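Novice: Residues 3 to 88 in the numbering used here are what the sequence shown lists, from first letter to last.
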Amino acid sequence: MGCLRPYYETVLAAFGPSRLMFGSDWPVSSLAAPYGDVCALYRGLVTDLSSAEQGAIFSGTAHRVYGLRLQCLTRVQALAYQPRPA
3 MGCLRPYYET
13 VLAAFGPSRL
23 MFGSDWPVSS
33 LAAPYGDVCA
43 LYRGLVTDLS
53 SAEQGAIFSG
63 TAHRVYGLRL
73 QCLTRVQALA
83 YQPRPA
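(1) Once DSSP output is grouped into helix, strand and coil, what is the label at valine 48?
(2) Compute the Euclidean distance between the alpha carbons of tryptophan 97 and proline 19, then round it to the nearest angstrom.
(3) From this set, Phe17, Arg21 and Gly4, which residue's C-alpha is nearest glycine 62's C-alpha?
(4) What's the gap between the Cα of alanine 15 and the Cα of alanine 58?
(5) In terms of residues, what are the limits of the alpha helix (DSSP H) holding leucine 35?
(6) Looking at the structure shown, is serine 53 part of a helix, part of a strand, or coil, going by DSSP?
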């Protein structure tokens, strides 16, 4: 997480949580770690944010930008918040 924190802090300061969204480079990231570990790493980066700010990064921004229906968003949230078995 340490190597990503400076980049995360820079974009958070520049854009704020309402203009950030979680994304992974899965399946490429699975070469370094299971998807659940990648999600856990990103969850660790946002622990200092309020639950509303975390929600913006993990789902709200995508919902707003892409006009996702709530049903689609719920599936995306489930994948981001629940680690997959290795």
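A virtual CB, placed ideally from N, CA and C, is assigned to each residue, including glycine. It should be emphasised that the depicted structure is a prediction, and the values quoted were computed from it without experimental measurement.
Specialist: In short, the structure shows the following:
(1) coil
(2) This structure cannot speak to residue 97, because the chain is shown only from 3 to 88.
(3) Of the listed residues, the one whose Cα sits closest to glycine 62 is Arg21.
(4) 15 Å
(5) The sequence given here has alanine at residue 35, not leucine. Taken as a continuous stretch (DSSP letters only), alanine 35 belongs to no alpha helix (DSSP H), as it is neither H nor E.
(6) Looking at serine 53 - three-state DSSP - the assignment turns out to be helix.
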